[in-house]
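For reference, the structure is listed below as structure tokens.
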Amino acid sequence: MTMRRADTVYLDGRYMRCAEARISPDDRGFLFADGVYEVVRVYGGRLFEIGAHLDRLRRSLREIRIPSAAADGIDGICSGLIERCGLSQADATVYVQITRGAAPRGHAFPADGTPPTVYVSAAAVDEPPDACALGIGAILVPDTRWARCDIKSTALLPNVLARQMAVDRGAREALFIRDGVITEGTASTFCAVSSGSLLTHPLGERILPGITRTVVLRLCRELGIPAVERPVTVDSLSSIEEAMILSTTREIMPVTQIDGAAVGHGLRGPVTRRLQEAFAALTESARRG
Ligand code: PDD
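Using the working numbering, read the sequence shown as starting at 129 and increasing by one per residue.
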């Protein structure tokens, strides 16, 4: 999948060429990663699951004590950007970032009234279907992240380092391990299939409440696939039938190898395939409106 960021972006109340966008070096997003973000998928120019993304964005803002009013109007801004970027018929992603704004460096919050910085960009998505059918390899890495992984914070250094470790080892995702269980991927939810049931880590402070996760659990109910919110242990990996990662950008992606060992038969499995087909039907109807 390739993504190309469009030339037009939105920053603090205005649409502008990206080359003209200026963010202060005092911005707390730059100095402290003091901000939160969302990635929203666009199918045929239409924002997918935008309500759920906005709810999660407001929750992230509340949890880090940025007034959640900063998210007001974001859906309109996203739609305006899609149009201005010429993506009204396109598949794309929209990136939304809100930080605590710019103020002289100091750890405590800046003075009341410091306006949050709001940045939105869009990128067209061209999707070569290869990995959706063939699957990807993943590696296991210790989960060295903080204790509030439910907040979609821009502080992603452990995720960045883990993903690069995957790339260095010829894999496409790193799966975090904490206390002997897989929590999630660096930018994805992890699911396994065991005895025909879908297993995924329960919600809580150890994982991001993924929007794709919610959609997939709903599809499981509709398709009669048993789904259990229970973590997958590293020890049980040799006996699972299928594995997959879920995310807004990668949708439902089979994981066919973990640390070089085949998952099940090493091919995309039937449960993954059924879920992908049902998900594709959803995105197709989103495209048609
Ligand atoms: N990441 N877990 C983590 C740590 C993530 O960063 C993401 C998404 C997910 C999946 O959530 P969702 O289904 O809502 O996209 C799970 C985005 C896509 C990113 O950082 O690019």
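Idealized CB from N, CA, C, for every residue including glycine. Just so it is clear, the structure is predicted and the values come from calculations on it, not from any experiment.
Residue i - containing alpha helix (DSSP H), residue span
i	result
phenylalanine 407	398 to 416
leucine 327	Where leucine 327 is concerned, there is no enclosing alpha helix (DSSP H), although the beta strand (DSSP E) it sits in stretches over 325 to 328.
valine 343	339 to 351
Alpha-carbon to alpha-carbon, residue j and residue i
i	j	result
isoleucine 267	glutamate 301	7 Å
serine 322	glycine 417	35 Å
alanine 261	threonine 400	10 Å
serine 325	valine 253	32 Å
threonine 317	alanine 239	37 Å
arginine 415	glycine 332	32 Å
aspartate 296	methionine 129	19 Å
proline 330	isoleucine 373	15 Å
arginine 228	serine 366	45 Å
From the options, residue whose alpha carbon lies closest to that of residue i
i	options	result
alanine 409	Arg193, Val167, Tyr171, Ala147	Tyr171
serine 375	Leu139, Asp258, Glu166, Tyr143	Glu166
leucine 285	Arg273, Ile279, Pro382	Arg273
glutamate 148	Gly388, Asp154, Leu139	Leu139
glycine 313	Gly352, His235, Gly265, Ile353	Gly265
isoleucine 192	Thr361, Thr328, Ile353, Ala236	Ala236
Endpoints, the beta strand (DSSP E) within which residue i is located
i	result
glutamate 301	301 to 306
glycine 265	264 to 270
isoleucine 380	379 to 386
alanine 320	317 to 322
alanine 371	370 to 375
leucine 123	Given a span of 129 to 417 for the chain in the structure shown, any question on residue 123 remains unanswerable.
Proximal residues to residue i (C-beta, below 8 Å), its chain only, five neighbours per side dropped
i	result
glutamate 350	Ala406
glutamine 217	Gly172, Gly173
Other residues of its chain near residue i: CB distance less than 7 Å, five sequence neighbours each side excluded
i	result
proline 270	Ile305
leucine 434	As shown, the chain starts at 129 and ends at 417. That puts residue 434 outside it, with no answer to give.
Other residues of its chain near residue i: CB distance less than 6 Å, five sequence neighbours each side excluded
i	result
alanine 320	Leu327, Val360, Ile368, Ala371
Considering only residues of the region 153 to 210, which uninterrupted beta strand (DSSP E) runs meet the minimum length of 3 residues and lie entirely inside it, listed in chain order? As far as the region 153 to 210 is concerned, its whole beta strand (DSSP E) runs of at least 3 residues are 163 to 171.
Write down every uninterrupted run of the alpha helix (DSSP H) in the region 230 to 299 whose length is 4 residues or greater and which is fully enclosed by it, in chain order. Along the length of the region 230 to 299, whole alpha helix (DSSP H) runs at least 4 residues long occupy 258 to 262, 285 to 296, reported in chain order.
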